[in-house]
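Residue numbers (my numbering), protein chains in the order written: chain P, 1 to 201; chain C, 202 to 440; chain S, 441 to 984. We put the CB at the ideal spot given by N, CA and C, even for glycine. Report on the following structure.
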Amino acid sequence: MIAPLSAPPSAPSRADLPPEADLPAEAVERTSRLIRQHGSRSDALIEVLHQVQELYGYLPPGALAQVARELKLPLAQVFGVASFYHLFRLGAPTAHRCAVCLGTACFVKGGGELAARLERRLGLRLDDAAGNGTWALEHVSCLGACGQAPVLVVDGHLEPRLPVDDPAALDALLGALGLSANDASDAGTDARADGSGTGAR
Amino acid sequence: MSVHTLTVDGEEVAVPAGATLLDAVRAAGAELPTLCHLDGLTPVGACRLCLVELEGSGKLQPACATAAGEGMAVLTQTPQLQAYRRMAVELFFAEGTHVCAFCVANGNCELQDVAVAVGMDHSRFPYQYPQRRVDASHPHFAIDHHRCILCTRCVRVCDEIEGAHVWDVANRGRECTIITGLDEPWGEVQACTSCGKCVDACPTGAIFRKDDTTAEKQTHRERPQLLRDAREKHQWQNQ
Amino acid sequence: MQLRCCGASGCRSAGAEALRTALLSARDQLGGAAEAVSIKSVGCLRLCGRGPLVALDRPEPSGAEPACRTELYAELRPEQAADLLARATGRGDALAAQRLDSDHPFFALQKSVVLEGCGVVDPESIDDALSHGTYAQLRRVLLDVSPEQVREQVKRSGLRGRGGAGYPTGLKWDTVALQPPGPRYVVCNADEGDPGAFMDRSVLESDPHRLIEGLAIAAYAVGADQGFVYVRAEYPLAVERLRLALRQARSKGLLGAGIAGSGFHLRLEVRVGAGAYVCGEETALLASIQGQRGTPRPRPPFPAQAGLWGAPTLINNVETLASIPVILRQGGDWYAAIGTEGSKGTKVFALSGAVQRTGLVEVPMGTTLRTVVQTIGGGVPGGEGPDGGVKAVQTGGPSGGCIPAHLLDTPVDYESLRALGSMMGSGGLVVMGDSTSMPEVARHFMRFSVNESCGKCVPCRAGTVQLAQMLDRFVERRASLVDLERLEELCRMVGATSLCGLGQAAPNPVLSTLRYFRQEYQAACRDPVQCEPLDACLLKEGTR
Ligand SMILES: Cc1cc2nc3c(=O)[nH]c(=O)nc-3n(C[C@H](O)[C@H](O)[C@H](O)COP(=O)(O)O)c2cc1C
Ligand code: SF4
Ligand code: SF4
Ligand code: SF4
Ligand code: FES
Ligand code: FES
Ligand code: FES
């Protein structure tokens with residue numbers, strides 16, 4: 001039982017994320033206010049995290065520390081909850097985000113191919129939060145819009161019935177949605193052209 | 202105090218109301234492997250090693266987290282249970298990275314003991330060799346996540362007995378990991394009192410004293426129960 | 441004359457908002473007769489796959505029966521607003537090609553019970569809901585019917601939980617009601633996470649007041665004065681409409697203290713999830729409502745005994761609760777007359793995948809899969825043969841299984857589906873055509889379970905990862921006979937030993953595809969020639 005030699009991943013570097021002291025005073029004040037609106041009850045943690053994420057676009061460590069203090073919860077518990085739920089983001093998001101549905105109905109209608117195509121087109125990997133610097137692509141498992149399968153969510157807007165069977169129309173549509181790699185040189189180079197990791201054949 | 206009578210592998214036992222099936226199994230003198238359970242901590246029923254079969258319904262229930270009831274009949278060693286336990290141990294070994302020969306807990310590790318008890322010498326499932334962290338930032342202790350089996354005994358002992366709640370579980374599924382504070386280096390977490398209870402509670406070589414080298418880890422797994430009895434029943438160790 | 445415009449998510453994503461705006465401005469521009477056309481926003485009109493949909497109600501000349509004729513138009517574009525208004529006012533018929541045949545089995549075979557108000561009432565108006573009779577049953581039971589009598593009607597109805605497991609609802613209510621005195625809670629499980637399911641979403645978006653009424657009646661029947669509706673965050677419109685509906689109900693005195701002049705109090709709150717399928721599991725749901733990680737815990741104790749903050753808690757699915765007002769209005773016996781021996785009433789299905797007509801289908805329990813998939817759904821587009829090109833139907837989401845085309849004559853009820861190694865689940869029906877590879881489908885679901893496992897117990901946390909990797913080998917056609925054996929063995933272990941329903945059911949899609957499409961797995965073995973005979977002897981050994 002010998003592990004292959006490889007460098008262990010380094011502990012997350014939090015130096016580049018703002019500590020609480022550096023958070024905008026107004027946001028800190030609003031966080032306090034919304035916590036008070038919830039009666040400072042610890043069972044409101046998830047609701048509070050939703051609202052804090054709306055404020056910052058993600059959950060900065062300083063804000064998590066503030067939430068923990070004001071809801072009288074241990075730091076580790078707050079982090080445990082924030083990291084459990086996939087809709088909470090612990091790092092700053094990219095400027096644009098796209099979600100591709102890989103639920104069953106979308107899967108049957110070619111959601112996997114769509115994901116693979118987007119990976120190639122944008123030069124990024126599915127579910128890598130850093131994306132290509134501008135775009136990040138994540139998967140979702142059913143948005144309840146299965147009647148419109150396959151679907152995409154582009155910056156919060158649902159795009160129904162993507163024409164996966166018609167590559168030209170699909171490309172035109174994706175282009176019109178602004179889904180293009182920021183750096184043309186890395187478009188079309190996909191190490192995983194077999195689509196592994198996306199449910200595609 | 203009211204008493205429940207039940208049978209364990211055909212053996213009749215009586216346990217006080219409020220006892221678990223694990224208490225009953227022990228009272229009957231039967232052996233049952235456990236990993237996530239530690240006397241004195243709230244049971245979670247996570248490792249699934251202590252599953253027993255309820256005769257009649259055929260349902261499997263974790264003995265550590267199921268209340269003993271009047272007239273229950275439990276089986277602890279059916280061939281099926283043995284096969285499942287062995288597979289569970291294989292899954293534990295395959296999901297982390299365990300090199301016993303170089304481990305502080307070698308010879309004093311509950312995972313190792315369970316592997317011996319269920320007769321597992323290799324995993325039929327491919328080893329995953331996950332990329333995990335080692336955190337040695339604490340002045341006295343360290344944690345090697347490769348050996349962590351996510352039993353959450355450290356989390357519970359720190360929260361329920363020490364009252365510091367330094368630890369918790371972050372992420373989910375296969376990404377689950379034990380964290381300190383806001384996923385900070387352990388040494389930087391102010392809440393840690395350096396009491397060492399997590400070291401004692403950890404069933405494997407994941408959390409250890411920095412002074413200890415290979416096969417030197419000593420543990421005191423009885424302590425949570427002693428502390429709890431002292432606190433709740435005023436039963437002190439000198440009595 | 442009335443235009444009912446579907447404003448639920450499906451049609452919204454297809455442009456329903458723009459269409460409605462266009463209709464409103466076209467009406468203003470046209471003036472005259474068009475002014476008499478009322479334009480109403482309603483919920484789902486069923487055929488979601490062809491949205492945006494609009495229903496046109498035209499009164500017939502006096503004395504005719506029925507007094508009103510309804511026409512349905514599909515795939516409308518904003519620029520067609522004037523044409524539609526023209527049709528409404530009896531001038532022109534430019535949209536004939538987009539008119540749907542209301543006598544088509546898709547509509548004709550449906551029986552609306554839960555969806556009675558869906559597509560009829562305006563989900564954002566409590567006055568409209570009241571005028572359609574919503575809250576009448578709540579008022580009636582609060583004033584005239586004892587909690588025991590309410591529970592008696594629910595027991596008589598034979599209603600079983602629509603969240604998946606099919607536990608008899610009346611019995612569950614009794615269990616909660618008969619716990620020792622003390623606080624109690626009611627919870628509506630609106631976490632609908634099975635991929636391919638959108639029934640609960642449609643109820644929330646189309647008729648939220650019916651759900652609130654059902655939940656309030658449940659609270660009265662079990663003696664709870666506080667409740668929660670837990671909705672998944674992926675359903676923003678449902679959350680918005682539910683919150684609005686709760687505000688409206690409070691302002692009308694239908695929630696809060698002394699409801700409708702009775703001594704009954706009820707506080708209801710919405711709790712929004714944050715992207716975790718496992719929170720649909722009831723103990724995980726409770727943890728999440730309390731602001732914790734959504735990890736399940738062993739049962740017993742069941743939530744009915746010890747739930748939120750340790751108090752007895754009733755948890756029911758959206759569709760279960762939305763059936764309650766009708767049951768009380770028509771009586772338990774009326775409801776029990778619909779459906780089959782063991783599965784009473786109607787069931788709402790979300791039909792999607794490789795099928796001509798996708799949308800919401802409510803039919804009596806016991807309707808065959810063939811009726812739903814072929815007669816109602818129209819089979820696979822361009823599909824041929826007796827089974828209309830259908831290869832399999834997936835029911836029950838990641839906990840269910842794939843039912844092969846030759847078993848399409850199975851009636852849909854809890855027991856029949858379970859006997860086939862699938863389950864009712866919440867009601868998603870995903871149709872798969874001939875080109876779908878079954879090991880790939882199995883891997884799809886296993887990856888879902890890997891992603892959604894909470895990580896608490898080892899069989900599910902580590903077992904699903906191993907299973908997904910084994911399935912990779914089949915999909916990539918590099919598996920061996922040993923893999924097939926190990927796959928089944930590990931499936932059994934994960935199913936038998938996992939802590940909660942997610943892990944316990946995670947192997948179902950593999951086991952059911954192995955059961956009906958084993959040859960596809962065998963063909964994926966590296967040397968199929970060698971594989972099959974060997975496999976045959978193994979089977980013989982197993983039966984010896
Ligand atoms: C992994 C998992 C996911 C579930 N998801 C849902 C869900 O999304 N909606 C739901 O109503 N029930 C879901 N259930 C079932 C619930 O645990 C519970 O049985 C149900 O809400 C009870 O309501 P009912 O009796 O009205 O069906 C799920 C169960 C499991 C194990
Ligand atoms: S923790 Fe136990 S099983 Fe793991 S390497 Fe150390 S001694 Fe071996
Ligand atoms: S560090 Fe030790 S005690 Fe803590 S979860 Fe891991 S194995 Fe268990
Ligand atoms: S079966 Fe899976 S989801 Fe359920 S408790 Fe275990 S790890 Fe969590
Ligand atoms: S499967 Fe994609 S929206 Fe349901
Ligand atoms: S010891 Fe009982 S489940 Fe782990
Ligand atoms: S969403 Fe409009 S018809 Fe279903």
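Taking 8 Å as the cut-off, is the beta-carbon of residue i closer than that to any non-hydrogen atom of ligand 6?
i         : result
Ala225(C) : no
Arg249(C) : yes
Ala337(C) : no
Leu252(C) : yes
Val441(C) : Look at the range of chain C in this structure, 202 to 440, and you will see that residue 441(C) is not part of it.
How about residue i: is its Cβ closer than 8 Å to a heavy atom in ligand 5?
i         : result
Thr104(P) : yes
Gln148(P) : yes
Phe888(S) : no
Cys393(C) : no
Pro949(S) : no
How would you list, in chain order, the residues of chain S whose beta-carbon sits under 8 Å from the beta-carbon of residue i?
i         : result
Thr267(C) : Pro738 and Pro740
Give the interface partners of residue i over in chain C, defined as CB-CB distance under 8 Å, in chain order.
i         : result
Gly895(S) : Leu351, Val370, Asn372, Arg373, Gly374, Arg375, Glu376 and Cys377
Gln906(S) : Leu292, Ala295, Phe326 and Pro327
For residue i, which residues in chain C fall below 7 Å Cβ to Cβ?
i         : result
Met933(S) : Tyr285 and Met288
Pro61(P)  : Leu383
With hydrogens ignored, establish whether the beta-carbon of residue i is closer than 8 Å to any heavy atom of ligand 4.
i         : result
Ser728(S) : no
Cys101(P) : no
Leu276(C) : no
Gly861(S) : no
Mind reading off the beta-carbon distance from residue i to residue j? Whole number of angstroms is fine, and I expect it under 8 Å.
i         : j         : result
Ala482(S) : Arg444(S) : Inspection of the sequence shows that residue 482(S) is occupied by Val rather than by Ala. About 4 Å separates the two Cβ atoms, so the contact holds.
Cys98(P)  : Thr798(S) : At roughly 23 Å, the Cβ-Cβ gap does not stay under 8 Å, so Cys98(P) and Thr798(S) are not in contact.
Ala504(S) : Leu540(S) : The pair is not a contact, with the Cβ atoms about 22 Å apart (cut-off 8 Å).
Ala229(C) : Val253(C) : About 11 Å; that fails the 8 Å criterion.
Any heavy atom of ligand 1 inside 8 Å of the beta-carbon of residue i?
i         : result
Ile755(S) : yes
Leu762(S) : Here residue 762(S) turns out to be Ala, not Leu, going by the sequence shown. No, Cβ of Ala762(S) sits at least 8 Å from all heavy atoms of ligand 1.
Glu632(S) : yes
Lys784(S) : no
Heavy atom of ligand 7 less than 8 Å from the Cβ of residue i, yes or no?
i         : result
Cys403(C) : no
Name, please, each residue of chain S whose Cβ falls closer than 9 Å to the Cβ of residue i.
i         : result
Gly308(C) : By Cβ distance, chain S contributes nothing, its closest Cβ being about 23 Å from Gly308(C), past 9 Å.
Cys403(C) : The premise fails here: Cys403(C) is roughly 16 Å from chain S at the closest Cβ pair, so nothing lies under 9 Å.
Residues of chain P with CB under 8 Å from residue i, in chain order?
i         : result
Gln666(S) : Near Gln666(S) there are no residues of chain P at all, since even the closest Cβ is about 12 Å away, more than 8 Å.
Val950(S) : Per Cβ cutoff of 8 Å: no residues; Val950(S) is ~15 Å from chain P at best.
In chain P, which residues lie with their C-beta within 7 Å of the C-beta of residue i?
i         : result
Val186(C) : Lying outside 202 to 440, the shown extent of chain C, residue 186(C) is not represented and no answer is given.
Could you tell me if the beta carbon of residue i falls within a distance shorter than 8 Å of some heavy atom in ligand 3?
i         : result
Cys396(C) : no
Trp368(C) : yes
Thr235(C) : no
Cys355(C) : yes
In chain P, which residues lie with their C-beta within 9 Å of the C-beta of residue i?
i         : result
Ile344(C) : Those do not exist, as Ile344(C) stays about 11 Å from chain P at its closest Cβ, beyond 9 Å.
Those residues, in chain order, that have a beta-carbon closer than 6 Å to some heavy atom of ligand 2: Spelled out in chain order, the answer is His299(C), Val300(C), Cys301(C), Cys304(C), Ala306(C), Asn307(C), Cys310(C), Leu312(C), Gln313(C), Arg348(C), Thr405(C) and Gly406(C).
Interface positions of the segment 17–44 of chain P facing chain S (Cβ-Cβ less than 9 Å), listed along the chain: Residues of the segment 17–44 of chain P that bring their beta carbon within less than 9 Å of a beta carbon in chain S comprise Arg41, Ser42, Asp43 and Ala44, in sequence order.
Contact set between the segment 675–694 of chain S and chain P, restricted to residues whose Cβ is under 7 Å from the partner: Within the segment 675–694 of chain S, those residues whose Cβ lies closer than 7 Å to any Cβ of chain P are, in chain order, Tyr675.
Under 8 Å (Cβ pairs) to chain P, residues found in the segment 382–397 of chain C: Those would be Gly382, Leu383, Asp384, Glu385, Pro386, Val390 and Ala392, in chain order.
Against chain S: residues of the segment 156–174 of chain P by CB proximity under 8 Å: Hits within the stretch, in order: Leu158, Glu159, Pro160 and Arg161.
Contacting positions in the segment 320–338 of chain C - beta carbon closer than 9 Å to chain S: Those residues of the segment 320–338 of chain C that come within reach of chain S (Cβ to Cβ, closer than 9 Å) are Arg325, Phe326, Pro327 and Gln329.
Contact set, ligand 7 heavy atom to C-beta under 5 Å: Chain-ordered list of matching residues: Cys446(S), Ala448(S), Gly450(S), Cys451(S), Cys484(S), Leu485(S), Cys488(S), Gly491(S) and Leu493(S).
Contact residues within the segment 866–900 of chain S, judged by C-beta distance below 8 Å to chain C: Closer than 8 Å at the C-beta level to chain C, one finds these residues of the segment 866–900 of chain S: Val890, Asn891, Glu892, Ser893, Cys894, Gly895, Lys896, Cys897, Val898 and Pro899.
Chain C contacts from the segment 65–92 of chain P (Cβ-Cβ distance under 9 Å): Residues passing the 9 Å Cβ filter: Ala65, Ala68, Leu73, Pro74, Leu75, Ala76, Gln77, Val78, Phe79, Gly80, Val81, Ala82, Ser83, Phe84, Tyr85, His86 and Leu90.
Selection of the segment 910–923 of chain S by Cβ proximity to chain C, strictly under 7 Å: Within the segment 910–923 of chain S, no residue qualifies.
Short-range partners of chain P found in the segment 791–807 of chain S, where Cβ spacing is below 7 Å: Taking 7 Å as the upper bound on Cβ-Cβ separation, chain P lies near residues Ser792, Gly793, Ala794, Thr798 and Gly799 of the segment 791–807 of chain S.
Chain S contacts made by the segment 205–223 of chain C, where a contact means CB separation under 7 Å: Those residues of the segment 205–223 of chain C that come within reach of chain S (Cβ to Cβ, closer than 7 Å) do not exist; the list is empty.
Within 8 Å of chain S by C-beta, residues of the segment 251–263 of chain C in sequence order: Flagged, chain order: Leu252, Leu261, Gln262 and Pro263.
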